[in-house]
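Peer 1: Have a look at this one before I ask anything.
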Ligand SMILES: [Fe+2]
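Next comes the structure, spelled out in structure tokens:
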């Protein structure tokens, strides 16, 4: 469970700043999805701090490893993605539920909506979850996702990314963002990446290849810390709702 002194910033917090342009013109569907009216403050009882509480028993020990839940191994480049969930003062946020979803190595989601002509992988469903440990650390074993085309504009392709969701102490305390991989040639063409307007904030969405995290002859390692606290130094940018 997250400690009482941990700072969780809600999406409707007054400190919600302009660093993420939720109605970003280059990202076409935000025209319909971005709020165009003042945010509504939910009644106090909707902020019940008692739930959800995710005990260890709610998480299967294989939930963090997306490569072992099927009959065979998924195709692609095996990677470990790990980092810490921190508040802006560097304190770890313990026991927080972190969920991820992603495309497979060919850039295809296991989802009916995704009809991109790339192969599905019967050994990969692209979803995982884990709880942060006492040091605020999460860890996933997965496959590096492929880039995929989307219909936003002519010849639009997403940089490789993993979607992350972080739950706080209540269902109203959910933040969603995307983690990228260093050196992706598609960064400069991606309106979603650029909807985070501050270049320094964009850099914080890019993971860091780490040889020390890399397992010899088994998996490349990436480090990516998530810092909660909008506007605070080094804080991670989050989306307005799901993506
Ligand atoms: Fe995606």
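Numbering (the working numbering), first residue to last: 132 to 374.
Yeah, the Cβ is synthetic: ideal placement off N, Cα and C, and Gly gets one too.
Let me check one thing: in DSSP terms, what residues is residue 288 bridge-paired to?
Peer 2: Looking up residue 288 in the chain shown gives position 157. Paired residues: 280.
Peer 1: Is residue 292 near ligand 1, with its Cβ less than 7 Å from a heavy atom?
Peer 2: As a first step, residue 292 is located in the chain shown; it is residue number 161 there, counting from the start. Residue 292: yes, Cβ under 7 Å from ligand 1.
Peer 1: Going by the CB atoms, is the gap between residue 338 and residue 369 shorter than 8 Å?
Peer 2: Taking the chain shown and counting its residues from 1, one reaches residue 369 at position 238. Taking the chain shown and counting its residues from 1, one reaches residue 338 at position 207. No. Outside cutoff.
Peer 1: Measure the CB-CB distance between residue 276 and residue 288 and report whether it falls below 8 Å.
Peer 2: In the chain shown, residue 276 corresponds to position 145, counting from 1. In the chain shown, residue 288 corresponds to position 157, counting from 1. Their beta carbons are not under 8 Å apart, which means residue 276 does not touch residue 288 by this criterion.
Peer 1: Could you tell me if the beta carbon of residue 239 falls within a distance shorter than 7 Å of some heavy atom in ligand 1?
Peer 2: Sequence index remark: in the chain shown, residue 239 carries index 108 (1-based). Outside the cutoff, so no.
Peer 1: Skipping 5 residues on each side, what residues in its chain have a beta carbon closer than 7 Å to that of residue 267?
Peer 2: Counted from its first residue, the chain shown places residue 267 at position 136. So the qualifying residues of the chain are 215, 216, 217, 223, 224 and 225.
Peer 1: Residue 351 and residue 345: beta carbons closer than 8 Å?
Peer 2: Counting from one through the chain shown, the residue named residue 351 turns up at place 220. Counting from one through the chain shown, the residue named residue 345 turns up at place 214. Yes, they are a contact pair.
Peer 1: Using the beta-carbon count (16 or more within 10 Å), is residue 189 buried or exposed?
Peer 2: By one-based count along the chain shown, residue 189 stands at place 58. Exposed, because fewer than 16 other Cβ atoms sit within 10 Å of the Cβ of residue 189.
Peer 1: For residue 321, is the classification buried or exposed, using 16 other Cβ atoms within 10 angstroms of its Cβ as the cut-off for buried?
Peer 2: On the chain shown, position 190 is the one that residue 321 refers to. That one is buried.
Peer 1: Give the straight-line distance between the Cα atoms of residue 306 and residue 202, rounded to the nearest whole angstrom.
Peer 2: Position 175 of the chain shown, counted from the start, is the residue given in the question as residue 306. Position 71 of the chain shown, counted from the start, is the residue given in the question as residue 202. Rounded to whole angstroms, residue 306 to residue 202 spans 33 Å at the Cα level.
Peer 1: Assuming residue 295 contacts residue 309 (C-beta within less than 8 Å), just tell me the rounded distance between them.
Peer 2: Position 164 of the chain shown, counted from the start, is the residue given in the question as residue 295. Position 178 of the chain shown, counted from the start, is the residue given in the question as residue 309. Indeed, because the Cβ distance is near 7 Å, the residues count as touching under 8 Å.
Peer 1: Could you compute how far the alpha carbon of residue 219 sits from the alpha carbon of residue 359?
Peer 2: Walking along the chain shown from the start, residue 219 turns up at place 88. Walking along the chain shown from the start, residue 359 turns up at place 228. Computed Cα separation, rounded: 6 Å.
Peer 1: Run the CB neighbour count on residue 292, radius 10 Å, all protein chains shown included, and call it buried at 16 or more, exposed below.
Peer 2: Numbered from 1 along the chain shown, position 161 holds the residue referred to as residue 292. Per the 10 Å Cβ criterion, buried.
Peer 1: For residue 201, which three-state DSSP category applies?
Peer 2: Counting from one through the chain shown, the residue named residue 201 turns up at place 70. Here residue 201 sits in coil by DSSP.
Peer 1: Taking C-alpha atoms, which residue in 265, 194 and 263 lies nearest to residue 232?
Peer 2: Taking the first residue of the chain shown as 1, we reach residue 232 at position 101. If we check each option's Cα against that of residue 232, 194 comes out closest.
Peer 1: On the DSSP bridge assignment, give the partners of residue 213 in chain order.
Peer 2: Here residue 213 refers to the residue found at position 82 when the chain shown is read from its first residue. Its beta-bridge partners are 270 and 354.
Peer 1: Shorter than 7 Å, the distance from the beta carbon of residue 234 to the closest heavy atom of ligand 1, or not?
Peer 2: By one-based count along the chain shown, residue 234 stands at place 103. The answer is yes for residue 234.
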